[in-house]
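Protein chains in written order, with our numbering: chain A, 489 to 1157; chain B, 278 to 382; chain C, 11 to 487. Ideal Cβ placement from N, Cα and C applies to all residues, glycine included.
Below is the structure:
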């Protein structure tokens, strides 16, 4: 293979342009929003076009044989880090998808972020994100992937904490970075172990294709693969917000909404699942690891769906829904690995989810931008349903999320459930169906509340606020505060051009909605061609009607229940979960995971190690040093008592000593 | 053998002078007296030089040169020492060595 | 290159205190020449040829075998570059200094002369001489221009380092006298095979002696205190360059001359280094003074350097020297931006500061970049260094490596905690009126950031350079 050929240069361009845009904006044009916007848009449009071009041109060739071009980035002795690009169907599709979504978000943000004082910085951060995500998707080696992985984390930190004056935003950014870093350390350790094991069989550089090949050829022993796979899965857990380190994702909604759409639903969090598919053969080689993945993914799915049922912030609902869908994808992949299936189902759900979840977030963004609040009850009261385009598209997105025919979610969910069905233990498919049911329920809770507002004097408002005042723990005051501040942060720019508020939705914001809605409608019917493209052959799709009925049934019953609770004329606007207050409180407190981590941090990190070590440093180490110093001074003081300052004693002493020396010398002779 | 034509005589003389000087330096409490005693010690050394020069040295001029040197140095030293003594007197209103104990630990 | 700072120093001696601009200009020019020469050596060093280049060698005292013997090789070239960058930016950073300008720059240039001397000397006598030249001006610089408990800090630092020297001299003399060669030339001494016992004793003496300057745990307490007290550019030089002297000397003298001693003590080195890494981040987590925080992060990062040294593998040494470079640039950037803020606000308490991204976006951006670099974000030089060290360490000391990697999480928490408290959140109304960094004062910081990113994106420049001498170095052991 030629070291620098055409696809390589194109890939390099795709990655380098956004980086260039980041650098230029940060250094030169940070005070000139218009120019920065132009730079950033140019540098995201070209990569998008290039990505689709690559996809189109190489779709046939790469199906036969992946295209790998790489150069050496760093060559130490046994550590070799290659820099290069791996183009195969998986990465080609993903790179096109990522480039497109980030381009759409950039367009959308023109409207959403217009007038914000940090406009240029915002676009710089978006560019940085685009660069790192694109490089992650097409990187050829694990170490390069890790580098991009960390950069993605960095840009997410910058974007979440974008409104840094808000304490909650900067806190959320910090939390996101540290928590994902926690997982990344596992990832890194996995890579370190992997270099160590691979060294024995002369594979340097950890090429993705290499480690898949090694795993398939079982050159490493089972425990070795299991160990590495589990450690790498820690990284996946962090980035894709799986239990128990999912806690950062809901807080990450403090960032601007387009960011939530871009990073925390469509692309960044999908990176974890993408990594799972990327080295799927490697993971699949270890059944133990995949069982762990399956368990964790299932816990994640149920946990986040239940929390989604009680959240009041529209972005929180979508955030938990994202967590649950990521869990669902991981379940699908794990099940496929255990049941001998392919990674198609998980990957397919990843693509469809990227489209419809970005759609849902962007719709939410329109509402938030318009009403200046995150609380969808308030949105509903203020007439949310009058915004036609977002309302229609949000329903489309919701239908897709719930898995209703003919929207894309239906097909991909069905594919995953199909994988689960193949497992011997039918518990998993039951749990998957239960998850689908919950998903449909909480999704349509939002939709029905938005669609059917109650008049202001309606009794439900009373009970609603009473319940609020009754106070369910510590979460809600913080919640309220967050709303207010979010409104505040948003008002920073809404006041800038308030005239737009009552003129509907600007086209820059509705255009991406329509495009994504189009994707959501179309992607479902592309299942067979996609499968053929990704796997090389299309499996005859045997229809499992029982499962189909079960899946649709679960979704429909979820919607039905939501209708009874929230939609129907005489609905009480109180979830069925209200009937078991203990459970409801448990969900509202987010299964106490936040409390757990906070307690863990306070007790062990701050309270124990940090405090002890500091004390030790002050008292023992430094104290010891000071003690040595003081004892030196003290001993000097003791000796000084000999000094009488009587000159002639000194002289006498000198003479005596000299005489002694003289006698000694004489006797020595 | 004449007494003054022997090396030992001069060495004993020098020894006596040195002993007196040493005693003075160690026992007198008056700074001036101490200074005079130091001069005695220097003179003892000079006499030694002259004596060795007269009886043993191959070249007759070396010892005399050094003696001249010692006289010059002694003059300089006396000047400096006196000025120190005057400074001490100004500060302490006394030239008694027992008063000068500021360096006591 | 060695001559430029003393020349500037000489000219400064003849200038009057009133001619402030001229004084600064002269210092800047001499620092600039130094930087230029450092870059020149770095670029023109023939990597294919390897070995010692740019050698200067004069007999000095023949009887004792003392030779003035300096040269450049892959190990010290990055550090020379580092020193050049830091002194140049340091002079620019202290442009606003008003008090005793002349003396300040004289001492600073003296310090730098010593540093260059240490890095380039291949004669143990000159090595030690320059080492002391580098250490002594620090006392005066901190004592006169410092802040916060400066007398205590200066005294502590000097006594600590003197105590270290007290171990170094016997160590050097032990090697000198037992070699039977009557030479201080390190290359010749290297050929003399010392008995294992001598090596063990000499190594541990030299390790602890130089380790004091490298802030090896538990001899680190002077460094945060010293950083806090020192004026900005001195902190930059101190943490950025001076601490590297210690680790470089461990590599150059202790490991080079006593390979068997090194192998005997490597376990201990790794243990102390790991303790330092973990300990540094945890203690840093509890600090509230910006400079203390940076000081403890230095302890942690220098631990990584020592850990790399302790592995005794090519990867480890590459990473270690790379980390010396990266950490030097990074801390210089840290102190440079903190210094700017402190000069304006006269506080470094992270609870009192706040929202500085709003007040001084550029100054904060510098600090945040440094903090992220410290947290090991890729794209910046220290990431690669840490990567190399950790992978290498894992092969030799797996447990220590895993502990050190785990400390990275706390490291991230600790960096971001500081950033959040002092640069994000609502601005403190007390400080809103302060102006941001002017482009001229921003220049030195930009140079530092540029260096961080340059070697972050193209680590091969650095690694290939270091490797030219690490490989023969280890073969010689």
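Determine the extent of the alpha helix (DSSP H) in which residue i is found, giving its start and end residues.
i                       : result
residue 352 of chain C  : 324 to 355
residue 142 of chain C  : 134 to 155
residue 226 of chain C  : Where residue 226 of chain C is concerned, there is no enclosing alpha helix (DSSP H), given that its DSSP letter is neither H nor E.
residue 341 of chain B  : 339 to 369
residue 1138 of chain A : 1135 to 1156
residue 320 of chain B  : 308 to 332
residue 379 of chain C  : 371 to 384
residue 498 of chain A  : 494 to 515
residue 1089 of chain A : Note, residue 1089 of chain A: premise wrong, no alpha helix (DSSP H); not H, not E.
residue 557 of chain A  : Looking at the DSSP string, residue 557 of chain A is not in any alpha helix (DSSP H); the run it does join, the beta strand (DSSP E), is 555 to 563.
residue 769 of chain A  : 768 to 772
residue 490 of chain C  : Since the displayed chain C opens at 11 and closes at 487, residue 490 of chain C lies outside it and no answer follows.
residue 274 of chain C  : 269 to 295
residue 448 of chain C  : No alpha helix (DSSP H) holds residue 448 of chain C; DSSP gives it neither H nor E.
Which residues share a DSSP beta bridge with residue i?
i                      : result
residue 405 of chain C : Answer by DSSP bridge pairing: none, since residue 405 of chain C is not bridged.
residue 180 of chain C : Looking at the DSSP assignment, residue 180 of chain C forms no beta bridge with any residue, so it has no partner.
residue 616 of chain A : For residue 616 of chain A, which the question treats as bridged, DSSP gives no partner whatsoever.
residue 834 of chain A : Answer is none; residue 834 of chain A lacks a bridge partner.
residue 801 of chain A : A:863
residue 695 of chain A : A:629
residue 438 of chain C : BP columns for residue 438 of chain C are empty, so no partner.
Would you kindly report the start and end of the unbroken beta strand (DSSP E) that includes residue i?
i                      : result
residue 67 of chain C  : 63 to 71
residue 80 of chain C  : 76 to 82
residue 568 of chain A : 568 to 575
residue 709 of chain A : Note, residue 709 of chain A: premise wrong, no beta strand (DSSP E); not H, not E.
Thinking C-alpha only, which one of the options is nearest residue i?
i                      : options                        : result
residue 4 of chain C   : C:333, C:290 and C:298         : Nothing about residue 4 of chain C can be reported from this structure: the residues present for chain C run from 11 to 487 only.
residue 31 of chain C  : C:305, C:313 and C:101         : C:101
residue 104 of chain C : C:287, C:452 and C:162         : C:452
residue 351 of chain C : C:78, C:241 and C:112          : C:241
residue 609 of chain A : A:773, A:533 and A:518         : A:518
residue 722 of chain A : A:520, A:759, A:856 and A:1046 : A:759
residue 450 of chain C : C:182, C:106, C:92 and C:69    : C:106
residue 734 of chain A : A:790, A:764 and A:685         : A:790
residue 327 of chain C : C:367, C:483 and C:458         : C:483
residue 666 of chain A : A:739, A:607, A:618 and A:830  : A:739
residue 60 of chain C  : C:69, C:78, C:82 and C:72      : C:82
residue 184 of chain C : C:303, C:427 and C:268         : C:268
residue 764 of chain A : A:718, A:929, A:541 and A:905  : A:718
residue 901 of chain A : A:909, A:887, A:858 and A:837  : A:837
residue 321 of chain C : C:261, C:76 and C:347          : C:261
Between residue i and the ligand SAH, is there a pair consisting of the residue's CB and a ligand heavy atom that are separated by less than 8 Å?
i                      : result
residue 918 of chain A : Among the ligands in the structure shown, none appear at all, so the ligand SAH cannot be discussed.
Relative to chain A, which residues along the segment 348 to 377 of chain B have a C-beta separation below 9 Å, given in chain order?
374, 375 and 377
When you check each C-beta in the segment 292 to 307 of chain B against every C-beta of chain A, which residues fall closer than 9 Å?
299, 302, 303, 304, 305 and 306
Residues in the segment 362 to 377 of chain C with C-beta within 7 Å of chain A's C-beta atoms, listed in sequence order?
365, 367 and 368
Assess contact between the segment 901 to 921 of chain A and the segment 817 to 836 of chain A, defined as three or more Cβ pairs (one per stretch) separated by less than 8 Å. Is contact present?
yes
Can you give me, in chain order, the residues of the segment 659 to 682 of chain A that have a beta carbon less than 8 Å from any beta carbon in chain C?
659, 661, 662, 665, 666, 669, 670, 673, 676, 677, 680 and 681
Taking Cβ-Cβ distances below 7 Å as the criterion, which residues of the segment 728 to 746 of chain A are in contact with chain C?
none
Any chance the segment 872 to 888 of chain A sits against the segment 999 to 1007 of chain A, with 3 or more Cβ pairs inside 8 Å?
yes
Beta carbons nearer than 8 Å to chain A: which residues of the segment 321 to 352 of chain C have them?
Of all residues in the segment 321 to 352 of chain C, only 323, 324, 325, 328 and 329 place a beta-carbon less than 8 Å from a beta-carbon of chain A.
Near-chain A residues of the segment 256 to 290 of chain C (beta-carbon distance less than 7 Å), N- to C-terminal order
Taken in chain order, the members of the segment 256 to 290 of chain C whose beta-carbon sits within less than 7 Å of a beta-carbon on chain A are 289.
Does the segment 782 to 791 of chain A come close enough to the segment 848 to 863 of chain A to have 3 or more Cβ pairs within less than 8 Å?
no
Going along the segment 1097 to 1112 of chain A in order, which residues come within less than 7 Å of chain C, judged by CB to CB distance?
1097, 1098, 1099, 1101, 1102, 1105, 1109 and 1110
Do the segment 273 to 282 of chain C and the segment 314 to 326 of chain C meet, that is, are 3 or more Cβ pairs less than 8 Å apart?
yes
The segment 723 to 730 of chain A / the segment 582 to 600 of chain A touching (three or more Cβ pairs under 8 Å):
The segment 723 to 730 of chain A, when compared against the segment 582 to 600 of chain A, does not touch it at the 8 Å Cβ threshold.
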